[in-house]
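Since the structure comes first, as structure tokens, the remarks are kept for the end.
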Amino acid sequence: MFLALIYLGEHNNFLNYPGFVIDSVPCIFVFCALACEAKPLIHAWKLKKIAHTPMPFTLYANAERVVVISGIGKAAMAGAVAYAMAWFRVERLPVLVNLGIAGHCHAELGTLFLAHKVIDHETDRCFYPQLPFDVPCATHSIKTVGKPCSDYAEDVLVEMEAAGFYEIAVKCSSSELIQVIKIISDNTASPITAINESTVAVSITSQLSVVDAVLKQLISMRKQTLMGGLQHPILAKYRLTVSSSLKLTALLQRWYLLKGTEFDGVAANAGNAKELIRWLETQLDETAFYL
12 MFLALIYLGE
22 HNNFLNYPGF
32 VIDSVPCIFV
42 FCALACEAKP
52 LIHAWKLKKI
62 AHTPMPFTLY
72 ANAERVVVIS
82 GIGKAAMAGA
92 VAYAMAWFRV
102 ERLPVLVNLG
112 IAGHCHAELG
122 TLFLAHKVID
132 HETDRCFYPQ
142 LPFDVPCATH
152 SIKTVGKPCS
162 DYAEDVLVEM
172 EAAGFYEIAV
182 KCSSSELIQV
192 IKIISDNTAS
202 PITAINESTV
212 AVSITSQLSV
222 VDAVLKQLIS
232 MRKQTLMGGL
242 QHPILAKYRL
252 TVSSSLKLTA
262 LLQRWYLLKG
272 TEFDGVAANA
282 GNAKELIRWL
292 ETQLDETAFY
302 L
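Here the sequence shown stands for residues 12 to 302, numbered as in my numbering.
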């Protein structure tokens, strides 16, 4: 991930780039490995290509949204996230989404999943995306591998970029604004060798309404966060680091969405923020909310 961190230190200025002028920094970034994954978004959102030489990644944008085509693999995706954040000089909690295809043992082709766990197969490192909103689709664990894989033995989605995306994305935004969306492209009945650009584009096009539904909720959460609208009274009772505050806020959001009531803190009997976070995570994990 060294190159990705170098990109984060760059200070490019595209805002007045000849032929492409944007008055404000976009806040929504969608990262795709393949052009065929990105094309439905580019068409639906009427994005313009940012032409610049040399440029290691292909970028399309308008005033609010950016689609980045990274190329295949974890390292390429990590570099693309860092590069986009540096190129656009993003500073204030961007919405970051990895959208792409994945394989699974039996899930139907074209099915869309949000990730509730991302596993890096090479390092065994795991990431846990926060889902403090009304999830409009099924969720699943995702495993990122280093090369194309046709082994569907495990009940996980298999792909090649999510871990690289998430590792860098969490350095750039709040965890609840970082999501991984995967659409099934292959399974035991239709192996990876049967994938083609046309079917990928069709599958993603058919799920654009779900993608937009997820983005709408992420945008709403971002606005509330920036306006301070997510401040909960219980946050004032504990000494919180920035990361603890963000995590606790996300858990309190999930509590309200799943339980339908505000959390008063009495039942937790927590002596500090760490204990409260652990208690909330346990309670929420026991709540069946995945569709």
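Note that CB positions come from ideal geometry on N, CA and C, so glycine has one too.
Check the Cα spacing between T260 and each of T150, L188, I80 and V211: the tightest is with L188.
As the crow flies, the alpha-carbon of Q294 is around 37 Å from that of L52. Unbroken alpha helix (DSSP H) runs of no fewer than 4 residues, entirely contained in the region 75 to 101, are found at 85 to 98, following chain order.
Within the same chain, and ignoring the five residues on either side of I179 in sequence, the residues whose Cβ sits closer than 6 Å to its Cβ are A15, A89, V92 and A93. Note: Q190 is bridge-paired with V108 in the DSSP secondary-structure output. Counting C-beta pairs closer than 8 Å gives fewer than three between the region 133 to 143 and the region 95 to 114, which falls short of the contact rule.
Contact check for S185 and L257: beta-carbon distance about 5 Å, within the 8 Å limit, so the pair qualifies.
Taking the CA atoms as reference points, P147 sits about 10 Å from D223. T155 sits in a strand when the DSSP states are folded into three classes.
The beta carbon of E170 is closer than 8 Å to those of G111, I112, A113, G114, I153, K154, T155, V156 and K193 in its chain, skipping five residues each way along the sequence. Contact check for L58 and A72: beta-carbon distance about 6 Å, within the 8 Å limit, so the pair qualifies. Within the model, the alpha-carbon separation for M66 versus I288 is close to 42 Å. By the C-beta density criterion, E172 is buried, having at least 16 other C-beta atoms within 10 angstroms.
Leaving aside the five residues that flank I215 on each side, the residues in its chain whose CB is nearer than 7 Å to its CB run, in chain order, E48, P51 and I194. Here V211 is buried. Its C-beta has 16 or more other C-beta atoms within 10 Å.
S201 and D162 have their C-alpha atoms spaced approximately 12 Å apart. Take W290, set aside five residues on each side of it, and the residues of its chain with a beta-carbon closer than 7 Å to its own are A279 and A281, in chain order. In the three-state DSSP reduction, H127 falls in the strand class (E or B). Here R103 is exposed, its C-beta having fewer than 16 other C-beta atoms within 10 Å. Of the other Cβ atoms in all chains shown, 16 or more fall within 10 Å of the Cβ of L263; this residue is therefore buried. About 5 Å separates the beta carbons of Q218 and L123, which is inside the 8 Å limit, making them a contact pair.
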